[in-house]
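Contents: one structure, followed by commentary.
Below, the structure written as structure tokens:
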């Protein structure tokens, strides 16, 4: 007898679809099949939660398309003992995926309301991510270096302050480009001063913005 609930079946079916689309890392696919994506969106969107498409969340942001989440996560080439920094917590879904694969996840979010909501949901699901409210461009230098850094918003150029927080031998994955589309890019830090850049497919992300928004108080920078 199959005792799985419909949401679990939907998550497993989604993982199968992503494998068909070219996601090959079994750990990433297991994470997609395990994390309850519907809990990271509003109830009115539950029926769409396991469709392979982005969905709106608060503050004009989105929860990324599952393929995009899986694609970025696979590009990180994660190891279980990696310490990972995610820039742009958003709904918290990507952080949950990372927690399924590695032991140490740090994530920073510029919107306090999103930070608090993600913190509540991840705690409810018993994920032990370290979540911070702050400017993503600043990163978390007090916890650096990080083995992997994942940026989940579009940048026009590589944020050097974040790159400095990447460990030697580490990898940063980020979408680089303008509003019409960004090239998914992996940057490997070979030595203190040497980096190798790899370019992949084109995606559309919301832009990464400097500053923070504490509840309704705007503290943005140009």
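In the numbering used here, the protein residues as written are 7 to 228.
Glycine included, C-beta positions come from ideal geometry on N, C-alpha and C.
The model shown is predicted, which means the values in this text are computed figures rather than measured ones.
When you compare the CB positions of residue i and residue j, do they come within less than 8 Å of one another, or not?
i           : j           : result
residue 117 : residue 146 : no
residue 242 : residue 213 : The structure shown does not extend to residue 242, since the chain is modelled only from 7 to 228, so the question has no answer here.
residue 78  : residue 156 : yes
residue 198 : residue 219 : no
residue 22  : residue 90  : no
residue 56  : residue 17  : yes
residue 162 : residue 187 : no
residue 107 : residue 38  : no
residue 177 : residue 200 : no
residue 41  : residue 80  : no
residue 64  : residue 119 : yes
Just reading off the alpha helix (DSSP H) that residue i is part of, what are its end residues?
i           : result
residue 192 : Taken as a continuous stretch (DSSP letters only), residue 192 belongs to no alpha helix (DSSP H), being part of the beta strand (DSSP E) at 187-195.
residue 122 : 118-130
residue 32  : 32-40
residue 46  : Note, residue 46: premise wrong, no alpha helix (DSSP H); not H, not E.
So, with DSSP's three-state summary, where would you put residue i?
i           : result
residue 149 : helix
residue 170 : coil
residue 75  : helix
residue 212 : coil
residue 158 : coil
residue 66  : helix
residue 181 : strand
residue 18  : helix
residue 1   : There is no way to answer for residue 1, as the model of the chain reaches only from 7 to 228.
residue 27  : coil
residue 198 : coil
Might you give, ordered along the chain, the residues of its own chain that have their beta carbon closer than 6 Å to the beta carbon of residue i, omitting 5 neighbours on each side?
i           : result
residue 227 : Here the model assigns residue 227 a pLDDT of 46, short of 50, so the residue's position is not dependable and the matter cannot be decided.
residue 189 : 182, 183, 205 and 208
residue 28  : none
In the DSSP assignment, the beta strand (DSSP E) including residue i goes from what residue to what residue?
i           : result
residue 219 : 217-220
residue 138 : 136-139
Between which residues of its own chain and residue i is the CB-CB distance below 8 Å, once the five residues before and five after are set aside?
i           : result
residue 11  : none
residue 101 : 92, 95, 111, 113, 124, 128, 133, 135 and 137
residue 105 : 111, 128, 133, 134 and 135
In chain order, what residues of the same chain have a beta carbon less than 7 Å from the beta carbon of residue i, not counting five sequence neighbours either side?
i           : result
residue 196 : 202
residue 46  : 69, 97, 98, 99 and 127
residue 87  : 109
Would you say residue i reaches chain D, if we count a Cβ-Cβ gap shorter than 8 Å as a contact?
i           : result
residue 131 : Note that chain D does not occur in the displayed structure, where there is just one protein chain.
Complete beta strand (DSSP E) runs within the segment 81-109 (minimum length 3 residues, chain order): With a minimum length of 3 residues, the continuous beta strand (DSSP E) runs that stay inside the segment 81-109 are 89-93.
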